[in-house]
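Working notes for the structure below.
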Amino acid sequence: MRSIALMKGVPDFSEGAVSFDEDGHLERGKTPTVMNPNDAFALEAALQTRVRHGGHVSGMCMGPPSYTSVLEEAMESVYADDSYLLSDREFAASDTWATAITLCSAIEKYQEEVADVDLVFAGFKTADGETGHTGPQTCWGLEWPIVTHVLALDIDPDERVLRAKRLVEGDVDEIETVEAPLPCMVVADPEFSPTYRKAAHRLTHKRLRAETEARATEHDEHLTTWDHEDLNLDPDYIGLDGSPTIVSSVDPIPKAPSEREATMIDADDGAGLEAVLDEMAAFAGGD
Amino acid sequence: MGADTEEYEHYEAVVVGCGPGGAAAAARLADHGVETLVLERGVEAGSKNVSGGLIYAEESAPYTIDDLFPDFREAAAERPITDYYIHNIAGNKVKTYDLTDLHEHDTDWCDAVLRRPMDSWLEERVHEKTSETGGGVLTDVRVNGLLRENGEIVGVTCDELDPITADLIVAADGVNSELARDAGLMDWEEPDEWFQGVKAVVDMDADAIDDRFSIDADEGVAHLFSGDLFEDVRGGGFLYTNEDSLSIGTVFHLDSLVEQRAEPHQLLDSLLTHPLLAQWLRDEYDEREYSAKLVPDSKKVAHREPYRDRLVLVGDAGGQMQAQGPIIKGMNHAVTAGALAADAFVVSQGNADPESAGRRYTKMLEDSGTMKKLRPRRYDLARTVGERDRVTQVVDTVLESRVGGVAVGNPVASRLLERAYNSPFLVSMLPDTATGYVTLPSVIGEEHGRSIHWESEVEPPSLEERIGDLTYDTDVGNPHIRLRDESFEASGAAVYACPVSAEDFGGGCYRAETVKTNGGEETLVSLDTQPCVECGTCAIVADTEWEHPRGGKGVEFREG
Ligand SMILES: Cc1cc2nc3c(=O)[nH]c(=O)nc-3n(C[C@H](O)[C@H](O)[C@H](O)COP(=O)(O)OP(=O)(O)OC[C@H]3O[C@@H](n4cnc5c(N)ncnc54)[C@H](O)[C@@H]3O)c2cc1C
Ligand code: SF4
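The listed protein sequences derive, respectively, from chains V and S. Here the working numbering is used: the first residue of the first sequence is 65, the next is one more, and so on. Here the working numbering is used: the first residue of the second sequence is 782, the next is one more, and so on.
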């Protein structure tokens, strides 16, 4: 099995890491980049496939050179064999459409120059954009089938089909089982959980972990960077110029107004505490 | 389970448990080129294990741990034990005997160990070795039973994995072995077949240890304690020096704990706060970990034919834990047995009879003299006399009388007694009565002892604090022990004997509650497994459905 796991860097929205300017705009430069949290599920699915069926996993990411850290993180968590960074000034400010064109070209180049691909794994929505378009659009470009909201995955390498349990959202959530021929794209649901019920799979998992730990320390040696020329892309059709999406305006969520003033009272301050009690008495209905 | 076993995963050998017994078996199997899978329920080997722990390399043993793991002493052990004493205590009076002769009898070397660092080191070595022959070690996996085909044992079933078949199954799953029970080889019924060990690992600077015990950095010391400091509970205490900590604990006959309704943590505290220990502990007592575990008494339970079909029992699982008087030898025998089981399998490979490995293993235990150590014949002989209440009573009466006191108390007697204690022959004959553990040591202490005038400033943590300091990954909503009978008659003993429960403590595992019934009152027992340290005691003393938690769940020891 040969898989590509797509991933994206997003600002680290976790408490303490994220940085906003005075107007409440995100300061990209000051906020560290981390892997899009939903991509972790895609990586788990790619790893499960790799552990159960052997083969090779490549991590692929479009973004500035600083996104190498995301690929490195992925190498550690998905035990990826190598990394591909699609990076070029011309790619900047791509919307989902332009991103999909770029990814699609990269996957095609990979198929021509590296190896045939059986599976492409993508995450479910990014934490910064929340559109959920990129995966399906890329797949449309490749003319492959796509299975989304995957909860569990099983592959029959001989028959060259995958069977997946997927979540069907509706008034009542249902789970359906689908079959699709390879090559295929898989979008893992956040509920995806890998299962390893065979000792041999767990031993492989353990071996891969040890191998990857060594590999990730020299990540750069396993990194290939492609720019728009490598991918044979016309700058007019990618990046900002190739992005039909127009963001009319972004409304910052206003800070909640605070009308109350805080008064600090020391715990040892008897008079102060008495005043507090007086204040509270009214609410407690006491006197 | 008449299952179709064709489709199952198969390994030549499956070893359950990665303590010293499992590690030895697996390493030896891998050395023979056997494809070996090791399944360990802890997050890491050692995270479930407790011992005192002195590991012995006996001169007469066919295998010692450094035969199988050459760097063992350097990499995984604490200090070598170079001095060995027993203190006979009567109140504040203490008479100390030097037991170095007994300790050195048949001993090539002996090191203090802590089980988490020791076993996790072994796990890595075992994984390296077994990986080379197509297997490896998996942690977080609990084997929950035996797989049978047409009534014959052919493999194991697990919580986390699909069933696995094997040509050899090594049950090295320790005391309260669920596999030995499933195979019908061991039962968990009689409290007098077990000891309960409870232990505190106490933080202490390496320099302070050297200084307070008057030893060099590459030396270590063992102190044993017996006499009246544990009231009438049969058993004793120990203190061993590690590199930068002390292991201090107690080992008691489980039946005696139950009879006396003693609280294990309080007995440990009696030792910790005895004035004799003040010279070493001083006033800054910092407990790193509280732990407990049952220990089988090989004299009574070591299985003489520890196999069934393709299954062999190794170490504590087969009851191979020798209490040679005050010296406890379990780890070394587990190592020997594990290696012998591996050898037995290899020589009988290709034999169509599934029991040929087990039979040969039994013979090897016998021929190597291991079984004789575990089940000394002279103990069986002495037992029939020594345990007769009347005889004991007479001896005790004499000892406690003025005549006895004078007899034991004269200087010649003292020398003789020291020599008697140092005789491996005599100590292995000690009957399991209060005479050996309580009466004699306290008479010796009383008659020969010097009074100690130190004051102990040690304040051991409360049970609540001890539980609070432990690490747990609780399997919420899925308790591993269930009470079958909640009446006090059936299960009340656990309220006392459980090392993390106490009569008036609401935060432990077992509690007794008086409830009103129509017309009267009844005392019922309730159980909360959250603070459980998986010692195994209530499997024996209460009416329970007892299992270990599933892989990775439950308590996680850091020291052991
Ligand atoms: C307080 C105390 C003091 C002691 N002092 C000494 C001493 O000084 N010297 C000495 O030699 N011995 C001593 N012992 C005894 C010694 O600890 C044991 O005899 C020894 O550990 C036995 O080794 P083993 O390999 O058979 O079992 P263990 O060391 O108990 O190993 C069993 C392993 O199996 C794993 N396991 C259990 N069930 C399962 C399952 N279902 N599935 C998967 N894995 C499982 C456990 O997690 C564990 O790692 C002492 C014991 C105690 C409690
Ligand atoms: S509940 Fe049972 S197994 Fe757990 S610590 Fe108490 S006595 Fe030991």
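Just so you know, even glycine gets a beta-carbon here, dropped at the ideal spot from N, CA and C.
Within its chain, find whatever has a CB closer than 6 Å to the CB of residue i; leave out the 5 residues flanking it on each side and keep chain order.
i, result
"Glu-793 of chain S", "Val-815, Glu-816 and Asp-948"
"Arg-66 of chain V", "Gly-119, His-120, Ala-179, Val-181 and Asp-182"
"Gly-834 of chain S", "Val-894"
"Pro-209 of chain V", "Ala-244 and Cys-248"
"Leu-1053 of chain S", "Val-1239 and Pro-1241"
"Gln-1311 of chain S", "Thr-1255"
Is the beta carbon of residue i sitting closer than 8 Å to the one on residue j?
i, j, result
"Ala-953 of chain S", "Ala-1098 of chain S", "yes"
"Leu-1180 of chain S", "Thr-1214 of chain S", "no"
"Gln-1105 of chain S", "Leu-1155 of chain S", "no"
"Leu-1121 of chain S", "Pro-851 of chain S", "no"
"Gly-1301 of chain S", "Asn-957 of chain S", "no"
"Tyr-1071 of chain S", "Arg-1247 of chain S", "yes"
"Val-242 of chain V", "Ala-228 of chain V", "yes"
"Ala-857 of chain S", "Met-899 of chain S", "yes"
"Glu-734 of chain S", "Ser-1307 of chain S", "Residue numbering for chain S in the displayed model covers 782 to 1341; residue 734 of chain S lies beyond these limits and cannot be assessed."
"Arg-273 of chain V", "Tyr-143 of chain V", "yes"
"Val-1224 of chain S", "Val-1189 of chain S", "yes"
"Trp-1235 of chain S", "Ala-981 of chain S", "no"
"Val-225 of chain V", "Ile-68 of chain V", "no"
"Tyr-1202 of chain S", "Ile-867 of chain S", "yes"
"Ile-846 of chain S", "Ile-836 of chain S", "yes"
"Leu-903 of chain S", "Leu-820 of chain S", "no"
Only counting the same chain, and skipping five residues up and downstream in sequence, which positions put a Cβ closer than 8 Å to that of residue i?
i, result
"His-265 of chain V", "Val-115 and Arg-116"
"Glu-840 of chain S", "Asp-887, Thr-888 and Asp-889"
"Asp-237 of chain V", "Leu-231"
"Arg-1085 of chain S", "Thr-1143, Met-1152 and Arg-1156"
"Glu-91 of chain V", "Ser-83, Phe-84 and Asp-85"
"Asp-333 of chain V", "none"
"Lys-108 of chain V", "Note that residue 108 of chain V is Glu in the sequence shown here, rather than Lys. So the list reads Val-142, Ala-252, Phe-256, Ser-257 and Pro-258, once near-sequence residues are dropped."
"Asp-294 of chain V", "Lys-173"
Only counting the same chain, and skipping five residues up and downstream in sequence, which positions put a Cβ closer than 7 Å to that of residue i?
i, result
"Met-99 of chain V", "Met-71, Gly-73, Val-134, Glu-137 and Ala-138"
"Asp-1309 of chain S", "Cys-1290"
"Glu-240 of chain V", "Arg-230 and Val-232"
"Leu-942 of chain S", "Val-922"
"Ala-964 of chain S", "Leu-927, Ile-934, Arg-1089 and Leu-1092"
"Ile-1233 of chain S", "Asn-873, Val-875, Pro-1056 and Leu-1057"
Given that a residue counts as buried once 16 or more other Cβ atoms are within 10 Å of its Cβ, and exposed if not, what is residue i?
i, result
"Gln-112 of chain V", "buried"
"Asp-1078 of chain S", "buried"
"Ile-1109 of chain S", "buried"
"Gln-977 of chain S", "buried"
"Val-1322 of chain S", "buried"
"His-213 of chain V", "buried"
"Glu-787 of chain S", "exposed"
"Gln-1101 of chain S", "buried"
"Gly-783 of chain S", "Caution is warranted here: a pLDDT of 43 is assigned to Gly-783 of chain S, below 50, making its placement in the model unreliable, and the coordinate value is therefore given only provisionally. Classification of Gly-783 of chain S: exposed, given that the 10 Å Cβ count is below 16."
"Lys-829 of chain S", "buried"
"Leu-341 of chain V", "exposed"
What residue does the alpha helix (DSSP H) around residue i start on, and which one ends it?
i, result
"Ile-950 of chain S", "Where Ile-950 of chain S is concerned, there is no enclosing alpha helix (DSSP H), although the beta strand (DSSP E) it sits in stretches over 945-952."
"Glu-176 of chain V", "160-177"
"Cys-1342 of chain S", "Because chain S here runs from 782 to 1341, residue 1342 of chain S falls outside it and cannot be looked at."
"His-1034 of chain S", "Per DSSP, His-1034 of chain S belongs to no alpha helix (DSSP H); it is in the beta strand (DSSP E), 1026-1034."
"Met-124 of chain V", "Premise fails: Met-124 of chain V lies in the beta strand (DSSP E), 120-126, not in any alpha helix (DSSP H)."
"Phe-1019 of chain S", "Looking at the DSSP string, Phe-1019 of chain S is not in any alpha helix (DSSP H); the run it does join, the beta strand (DSSP E), is 1016-1022."
"Phe-1126 of chain S", "1112-1129"
"Ile-996 of chain S", "Premise fails: Ile-996 of chain S is in no alpha helix (DSSP H) and is neither H nor E."
"Arg-66 of chain V", "Here Arg-66 of chain V belongs to no alpha helix (DSSP H); instead the beta strand (DSSP E) covers 66-71."
"Pro-1205 of chain S", "1205-1208"
"Val-1193 of chain S", "1192-1202"
What are the boundary residues of the beta strand (DSSP E) that includes residue i?
i, result
"Arg-227 of chain V", "225-232"
"Ala-1104 of chain S", "1103-1105"
"Glu-1337 of chain S", "1335-1337"
"Gln-1311 of chain S", "First-last for Gln-1311 of chain S: undefined, no H or E at that position."
"Ala-964 of chain S", "Run containing Ala-964 of chain S: none; DSSP gives neither H nor E here."
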